[in-house]
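This is the structure in structure tokens:
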């Protein structure tokens, strides 16, 4: 990548070392933190203790016209290096704003920040790193929105499954250390930088460029496609968009029922087991009940359309038979399905 911003830390390190600051313990910085507009809503994650989710208002931040270069915009500071770096075109991260965690989605870069022993013989200096990042980000028009620890209660509100298991809180610190969060607002972009630092050890960095996921085009499986799948594998998989926690579905579901009806009309001897599946969100028992109810909804729609009930069977497996891991939104979407299994 080109045009990345390099933090000019080497000369600063030398000056700080002469003053004995490198051997001091980390201290809280006195950087100015802007008090942005936070709006409380009730649209927070389902699996949280508190459903009140603060929402950040980007309009409270001035627009920067500085050239940021290319994603992820910042190289590691001189004398330091990124380790275990990972870039995803679309992901979610919880970012701290005035001690509150807010979910953002977009292109994400996560990495550990370590000292480069080949180039830096000194100690890992969290205070120096924080000051250096602050300088370069503010010069680019960035605004600091958090410089305090995130309380345990706030972490618990989101839950470790979301923050740790899914790595949606990559740069958060769980030991009471400061979380440094910035945003750079531009005319056509919104860039977030969040990091936490352990003096004498290492740090963690998240850079997120807010954006929407470019969804993939999905075409409806026609009756002929269903027949080919069933002839080849014994089953066909449909992704019917049911209403949330309900058995009702819209036009796409009606279209799917029409194609299943055609399939059954083309082969009068074909019998199908309609099997509902969910992801692992929520209660397993309720998911199983919901999957059966949805399978029954499809079966009943076929019966109403003129298919004999003795050619059909409805089964619900809930989250018992995932086809992929449930750790990502994409995986959960694949696991939410209806299978037509030949009897």
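Residue numbers (this note's numbering): 231 to 573.
Where is the CB? At the ideal position from N, CA and C, for every residue including glycine.
All figures in this text were calculated on a predicted structure; none of them were measured in a lab.
Assuming the contact rule is C-beta atoms closer than 8 Å, residue i and residue j should be a hit. Round their C-beta distance to whole Å, please.
{"i": "residue 359", "j": "residue 433", "result": "7 Å"}
{"i": "residue 548", "j": "residue 511", "result": "Rounded, the Cβ-Cβ distance is 11 Å, inconsistent with contact."}
{"i": "residue 652", "j": "residue 416", "result": "Here the chain covers residues 231 to 573 and nothing more, so residue 652 does not appear."}
{"i": "residue 436", "j": "residue 340", "result": "5 Å"}
{"i": "residue 414", "j": "residue 298", "result": "7 Å"}
{"i": "residue 380", "j": "residue 428", "result": "Going by Cβ atoms, the distance from residue 380 to residue 428 rounds to 15 Å, so no, they are not a contact pair."}
{"i": "residue 328", "j": "residue 375", "result": "7 Å"}
{"i": "residue 545", "j": "residue 525", "result": "6 Å"}
{"i": "residue 494", "j": "residue 573", "result": "No, residue 494 and residue 573 are not in contact; Cβ-Cβ is about 12 Å, not under 8 Å."}
{"i": "residue 291", "j": "residue 373", "result": "5 Å"}
{"i": "residue 470", "j": "residue 482", "result": "7 Å"}
{"i": "residue 492", "j": "residue 453", "result": "4 Å"}
{"i": "residue 296", "j": "residue 370", "result": "5 Å"}
{"i": "residue 426", "j": "residue 402", "result": "6 Å"}
{"i": "residue 346", "j": "residue 309", "result": "6 Å"}
Quick check on residue i: buried or exposed, where buried means 16 or more other Cβ atoms within 10 Å of its Cβ?
{"i": "residue 538", "result": "exposed"}
{"i": "residue 383", "result": "exposed"}
{"i": "residue 367", "result": "buried"}
{"i": "residue 348", "result": "exposed"}
{"i": "residue 451", "result": "buried"}
{"i": "residue 411", "result": "buried"}
{"i": "residue 280", "result": "With a pLDDT of 41 at residue 280, under the threshold of 50, the predicted position of this residue should be treated as unreliable, though the coordinate-derived value follows. That one is exposed."}
{"i": "residue 289", "result": "exposed"}
{"i": "residue 554", "result": "exposed"}
{"i": "residue 580", "result": "With the chain represented from 231 up to 573, any question about residue 580 goes unanswered, as that position is not in the structure."}
{"i": "residue 480", "result": "exposed"}
{"i": "residue 484", "result": "exposed"}
{"i": "residue 521", "result": "buried"}
{"i": "residue 478", "result": "exposed"}
{"i": "residue 350", "result": "buried"}
{"i": "residue 557", "result": "exposed"}
{"i": "residue 276", "result": "Below a pLDDT of 50, predicted positions are generally treated as unreliable, and residue 276, at 30, falls in that range; the measurement from the model is reported next regardless. Label assigned to residue 276: exposed."}
{"i": "residue 565", "result": "buried"}
{"i": "residue 431", "result": "exposed"}
{"i": "residue 529", "result": "buried"}
{"i": "residue 385", "result": "buried"}
{"i": "residue 486", "result": "buried"}
{"i": "residue 189", "result": "Nothing can be reported for residue 189, as the shown portion of the chain is limited to 231 through 573."}
{"i": "residue 567", "result": "buried"}
{"i": "residue 313", "result": "exposed"}
{"i": "residue 319", "result": "exposed"}
{"i": "residue 267", "result": "Residue placement at residue 267 is poorly supported in this model, since its pLDDT is 49, which falls under 50; the coordinates are not used for a value here."}
Looking at the unbroken beta strand (DSSP E) that takes in residue i, where does it start and where does it end?
{"i": "residue 311", "result": "310-327"}
{"i": "residue 597", "result": "Nothing about residue 597 can be read from this structure; the chain reaches only from 231 to 573."}
{"i": "residue 571", "result": "567-572"}
Residue range of the alpha helix (DSSP H) that residue i falls in?
{"i": "residue 458", "result": "453-463"}
Kindly identify the DSSP beta-bridge partner or partners of residue i.
{"i": "residue 426", "result": "434"}
{"i": "residue 468", "result": "568"}
{"i": "residue 330", "result": "327"}
Would you verify that the beta carbon of residue i is, or is not, closer than 8 Å to some beta carbon of chain B?
{"i": "residue 364", "result": "The displayed structure is made up of one protein chain only, and chain B is not part of it."}
Kindly examine the ligand ADP and report whether one of its heavy atoms sits closer than 7 Å to the Cβ of residue i.
{"i": "residue 485", "result": "Inclusion of the ligand ADP in the displayed structure is not the case, the ligand content being empty and no account of it being possible."}
What are the uninterrupted segments assigned as alpha helix (DSSP H) that are 4 or more residues long and contained completely in the region 479-514, given in chain order? Listed in chain order, they are 481-496.
Quick one: complete beta strand (DSSP E) runs, 3+ long, within the region 523-563? 542-548
Complete beta strand (DSSP E) runs within the region 332-420 (minimum length 3 residues, chain order): If you keep only unbroken beta strand (DSSP E) runs of at least 3 residues inside the region 332-420, you get 373-378, 409-416.
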